[in-house]
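Engineer:
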Amino acid sequence: MTPREQPAGTVVSIWRYPVKSMQGEEIDGAAITERGVLGDRAYALLDRETGHIASAKHPGKWGALLACRAAFAEPPRPSAPPPPLWITLPDGAVISSAQPDVDRALSRALGRDVALVSRAPESPRREADRSPVDGAAAPTTIVEEPMALAAPAGTFFDVAALHVLTTATLDRLRELHPSGRIEAPRFRPNLVVATAPGERRFVENGWLGHALTIAPEVRLDIIDPCPRCVVPTLAQGALPRDPGVLRALAQHNAVASATLAPGVMLPAVAGAYAAVRREGAIRRGAAVRLEAAPLSPPR
Numbered sequence: 003m004t005p006r007e008q009p010a011g012t013v014v015s016i017w018r019y020p021v022k023s024m025q026g027e028e029i030d031g032a033a034i035t036e037r038g039v040l041g042d043r044a045y046a047l048l049d050r051e052t053g054h055i056a057s058a059k060h061p062g063k064w065g066a067l068l069a070c071r072a073a074f075a076e077p078p079r080p081s082a083p084p085p086p087l088w089i090t091l092p093d094g095a096v097i098s099s100a101q102p103d104v105d106r107a108l109s110r111a112l113g114r115d116v117a118l119v120s121r122a123p124e125s126p127r128r129e130a131d132r133s134p135v136d137g138a139a140a141p142t143t144i145v146e147e148p149m150a151l152a153a154p155a156g157t158f159f160d161v162a163a164l165h166v167l168t169t170a171t172l173d174r175l176r177e178l179h180p181s182g183r184i185e186a187p188r189f190r191p192n193l194v195v196a197t198a199p200g201e202r203r204f205v206e207n208g209w210l211g212h213a214l215t216i217a218p219e220v221r222l223d224i225i226d227p228c229p230r231c232v233v234p235t236l237a238q239g240a241l242p243r244d245p246g247v248l249r250a251l252a253q254h255n256a257v258a259s260a261t262l263a264p265g266v267m268l269p270a271v272a273g274a275y276a277a278v279r280r281e282g283a284i285r286r287g288a289a290v291r292l293e294a295a296p297l298s299p300p301r
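Residues in the sequence shown are numbered from 3 upward in steps of one, following our numbering.
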């Protein structure tokens, strides 16, 4: 550890989501590339009618995606095409991405004409529910938005290549919303970092503009807070629907955007977005260190 670094915690969970907006898989270790966890969001569904990328951020149209689960048939390899998938559908049926009728099976399960794709459109867009997050009575507001705002071109990420969440934030939410089931998969992080025992703050807010080093090769720049949409409130896997999660965040953790919309207050924040500045491999249990000095502004 250098004098510029201080302990931040330990990686306790690593997640990748092979298909955008489907449930993913927890893994013991991963290669971290400029595109995040290797294999993360390697695939997505393309809505043939609109040309948009299917996203559970529009649950009225794509909520069933969160009832699907995707897992790689074999580990992904750097610089190789993504391997085939096993996809568990909402009715429990399991299909392979390699079967010739996979698009037909997915379309039938989701009620829309879709294609499973591994190459993003030149300017990917999605639809999202941007209704008020504080529970105020208002008509549902669906907007069309660009994707991959701070991620490498040609990816299916909404904003950035990595999403980091701490156990401190989860514990703080459990205090604020004791009737809810506050578990990491509800928030779809890539990395869950266990912070000091008893820590119950939104720790990631203090990491903005700093860098994390992990294991010791990987370096992440913490670039912006992660504002929450409707997705954490939706049923997914064994987790029930819970609008109270979003209301608790809206009341207790609004944070100013650091880089994507400087100075704009982002409501209902939990976790942070990160950009990969140095690639490498990480495993569960790896030490996480925070650079004490803020990042130098880009020239």
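We put the beta carbon where it would ideally sit given N, CA and C, even for glycine.
These figures come from a predicted structure and were not determined experimentally.
Just to confirm, is the Cβ distance from L164 to A276 under 9 angstroms?
Structural biologist: Yes, the Cβ-Cβ distance between L164 and A276 is below 9 angstroms.
Engineer: Which residues does DSSP pair with R18 in a beta bridge?
Structural biologist: Per DSSP, E27.
Engineer: Could you compute how far the alpha carbon of V247 sits from the alpha carbon of F204?
Structural biologist: Using only the alpha carbons, I get a separation of about 14 angstroms.
Engineer: Cβ of P187 within 9 angstroms of Cβ of Q238?
Structural biologist: Yes, the pair counts as a contact, with Cβ atoms nearer than the cut-off.
Engineer: Can you list, in chain order, the residues of its chain whose CB lies under 7 angstroms from that of D42, leaving out five sequence neighbours each side?
Structural biologist: So the list reads R18, Y19, N192, once near-sequence residues are dropped.
Engineer: In or out: G273 buried (at least 16 other Cβ within 10 Å) or exposed?
Structural biologist: Under this definition G273 is a buried residue.
Engineer: What are the start and end residues of the beta strand (DSSP E) that includes T215?
Structural biologist: First-last of the beta strand (DSSP E) with T215: 213 to 216.
Engineer: Quick one: grab the DSSP three-state call for P300.
Structural biologist: Low confidence applies here, because P300 scores a pLDDT of 46, under 50, leaving its location unreliable; read the following figure in that light. It is coil, neither helix nor strand.
Engineer: Should S99 and L87 be called a contact, given that it needs their Cβ atoms to be closer than 9 angstroms?
Structural biologist: Their beta carbons are under 9 angstroms apart, which means S99 touches L87 by this criterion.
Engineer: For the alpha helix (DSSP H) containing A111, name the first residue and the last one.
Structural biologist: 104 to 112 is the span of the alpha helix (DSSP H), which, as asked, contains A111.
Engineer: Identify whether V233 lies in helix, strand or coil by the three-state DSSP scheme.
Structural biologist: If DSSP states are grouped into helix, strand and coil, V233 belongs with the helices.
Engineer: Assuming T261 and I216 are in contact, meaning their beta carbons sit under 8 angstroms apart, how far apart are those beta carbons, in whole angstroms?
Structural biologist: Wrong, their Cβ atoms sit about 21 angstroms apart, outside the cutoff.
Engineer: Enumerate in chain order the residues of its own chain whose CB-to-CB distance from L251 is below 6 angstroms, with the five nearest sequence positions on each side excluded.
Structural biologist: Hits under 6 angstroms: R230, A270, A272.
Engineer: Within this structure, are the beta carbons of L316 and V135 separated by less than 9 angstroms?
Structural biologist: In the structure as shown, the chain begins at 3 and stops at 301. Residue 316 is therefore absent and cannot be evaluated.
Engineer: For Q253, which of helix, strand or coil comes out of DSSP?
Structural biologist: Reduced to three states, the DSSP call for Q253 is helix.
Engineer: Three Cβ pairs or more, each shorter than 8 angstroms: is that satisfied between the segment 277 to 285 and the segment 28 to 46?
Structural biologist: With a cut-off of 8 angstroms, the segment 28 to 46 and the segment 277 to 285 count as touching, because enough Cβ pairs lie within range.
Engineer: State buried or exposed for D103, treating a residue as buried only when at least 16 other CB atoms are found within 10 Å of its CB.
Structural biologist: So D103 ends up on the exposed side.
Engineer: Return helix, strand or coil for P134, following the three-state DSSP convention.
Structural biologist: Coil, per DSSP.
Engineer: With C-beta atoms as the reference, is A2 less than 9 angstroms away from Q25?
Structural biologist: Within the shown structure, residues of the chain are numbered from 3 to 301, placing residue 2 beyond reach of any answer.
Engineer: Does the Cβ of S57 have 16 or more other Cβ atoms within 10 Å, making it buried, or fewer, making it exposed?
Structural biologist: Answer is buried; the Cβ neighbour count reaches 16.
Engineer: Indicate whether V116 and L47 have their beta-carbon atoms separated by less than 9 angstroms.
Structural biologist: A contact, by the Cβ cut-off of 9 angstroms.
Engineer: Count the other CB atoms within 10 Å of the CB of S23; is the residue buried (16 or more) or exposed (fewer)?
Structural biologist: That one is buried.
Engineer: Between L214 and E293, what straight-line distance do the alpha-carbon atoms span, to the nearest angstrom?
Structural biologist: When rounded, the distance between both Cα atoms is 6 angstroms.
Engineer: What are the boundary residues of the alpha helix (DSSP H) that G62 is part of?
Structural biologist: First-last of the alpha helix (DSSP H) with G62: 61 to 64.
Engineer: Mind checking who R127 pairs with in its DSSP beta bridge?
Structural biologist: DSSP lists P148 as partners of R127.
Engineer: Determine the DSSP secondary structure at L268, reduced to helix, strand or coil.
Structural biologist: Note: L268 maps to strand in three-state DSSP.
Engineer: Taking its Cβ as the centre, do 16 or more other Cβ atoms sit within 10 Å of E129, making it buried, or is it exposed?
Structural biologist: Buried.
Engineer: Do you know how far the Cα of M149 is from the Cα of T169?
Structural biologist: Going from the Cα of T169 to the Cα of M149 covers about 28 angstroms.
Engineer: Quickly, what does DSSP pair P245 with across the bridge? List them, please.
Structural biologist: Bridge partners of P245: none, in fact.
Engineer: Hey, which unbroken runs of the alpha helix (DSSP H) at 4 residues or more fall wholly within the segment 31 to 95?
Structural biologist: Entirely contained in the segment 31 to 95, the alpha helix (DSSP H) runs reaching 4 residues are, in chain order, 61 to 64.
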